[in-house]
Amino acid sequence: YKFPAQQASSQIQSIDFQVWRTWIITPVANIDPVQLSGATISRVSLHNFDFIKTKQIKNKDFVWVQRSWEVIPYIVWSIKERRDWSEEPIVAPLFCPVCWWPITNIDIHYYCTNPKCPAQIKEKIVHFASRDAMDIWWLWESVVDVLVDQNILSSVSDLYDLCDIRKQVILRKFPNFWERSVSELAEQIEASKTKPLWRILNALWMPNVWKKIAQDIAHYLKEEKAGSLDKML
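Structure representation (structure tokens):
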């Protein structure tokens with residue numbers, strides 16, 4: 007038996023639009039902070055506009071919030087009895103909130119059309135360096151933010167330029183980039199060149215290729231003795 011998930015009511019104060027690495031624009035609700043299962047919740051993903059429509063959620067609504075599996079914050083439903091006519095519909099933006107390129111709508115999702123959008127670049131680099139991908143543990147989100155904003159990184163492949171001593175000299179000029187952290191970052195990037203194939207496949211974030219699928223593909227290629235790119239293709 008399980009105890010029912012703990013819920014708490016809160017009010018939506020504003021809506022942000024976050025650009026995900028798959029180019030999807032995700033609406034995120036900023037709510038009055040509430041305590042749930044030992045954590046303070048102040049931001050909740052609204053997933054997509056179909057979810058907003060189904061749950062009939064409006065900006066400034068009071069909502070019931072719970073944590074799915076006691077981990078991920080989730081809006082269960084809006085509390086319509088508490089509405090006072092100050093609520094506003096949540097409307098999809100016309101332009102990317104980061105790069106201001108036009109947004110396109112496909113099915114239930116909205117996409118940024120700019121392949122060089124800084125938000126997308128940051129998300130892709132963070133995923134590339136994550137534990138289930140290339141496992142470059144010095145590349146935290148805050149570090150990636152600085153490197154992209156300072157035009158040190160503009161793509162995943164630029165990571166491997168950080169092993170160059172000239173780039174490392176530049177990095178040491180930024181706040182919180184000490185000599186030890188810069189050298190260890192370079193070592194981690196160099197070590198990633200010897201990671202198994204499934205990690206590379208997962209890191210590249212191809213559509214529908216997750217960790218398990220990447221492992222299956224790598225195992226298949228090994229059995230087929232695909233030792234070149236031509237054979238892999």
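Position one of the sequence shown corresponds to residue 7 (our numbering), numbered consecutively onward.
From the three backbone atoms N, C-alpha and C, an ideal C-beta is built for every residue, glycine too.
Please read all numbers here as calculations on a predicted model, not as lab measurements.
Beta carbon of residue i nearer than 9 Å to that of residue j
i	j	result
Lys228	Leu203	yes
Ala324	Tyr116	As shown, the chain starts at 7 and ends at 239. That puts residue 324 outside it, with no answer to give.
Pro33	Phe55	yes
Leu168	Ile158	yes
Val149	Leu191	yes
Trp70	Ser51	no
Lys201	Asp151	no
Ile58	Ile96	yes
Gln17	Lys66	yes
Ser15	Ala35	no
Ile31	Gln41	no
Ser160	Val154	yes
Phe134	Gln156	no
Val82	Gln12	no
Gln194	Trp143	yes
Whole-angstrom distance between residue j and residue i, CA atom to CA atom
i	j	result
Trp26	His225	29 Å
Asp236	Arg73	46 Å
Cys102	Ile112	15 Å
Leu165	Val175	15 Å
Tyr80	Ser234	45 Å
Asp22	Arg172	38 Å
Ser92	Lys122	38 Å
Glu94	Cys105	25 Å
Ile114	Ala220	27 Å
Pro39	Trp216	33 Å
Trp29	Pro108	12 Å
Ala197	Lys218	22 Å
Phe9	Ile78	17 Å
Glu147	Thr119	23 Å
Lys130	Thr60	30 Å
Arg137	Lys86	42 Å
Arg178	Lys199	23 Å
Leu239	Pro213	16 Å
His53	Trp211	19 Å
Asp170	Thr110	39 Å
Val132	Arg89	40 Å
Ile223	Ser189	33 Å
Opposing strand residues paired with residue i [DSSP bridges]
i	result
Cys118	Ile109
Asn36	Ser20, Arg49
Val25	Ile31
Leu42	Ala45
Phe134	None, per the DSSP bridge assignment.
Phe101	Pro108
Gln13	Gln72
Residue-chain proximity (residue i, chain B), Cβ-Cβ < 9 Å
i	result
Lys237	In the structure shown, chain B does not exist; there is a single protein chain.
Alpha helix (DSSP H) runs contained entirely in the segment 169–195, provided each spans 4 or more residues: Unbroken alpha helix (DSSP H) runs of no fewer than 4 residues, entirely contained in the segment 169–195, are found at 171–177, following chain order.
Q) Can you give, in chain order, each stretch of the beta strand (DSSP E) that sits fully within the segment 56–95 and has at least 3 residues? A) 68–74, 78–84
Does the segment 179–194 touch the segment 204–220, meaning 3 or more C-beta pairs lie closer than 8 Å? no
Do the segment 30–47 and the segment 126–134 meet, that is, are 3 or more Cβ pairs less than 8 Å apart? no
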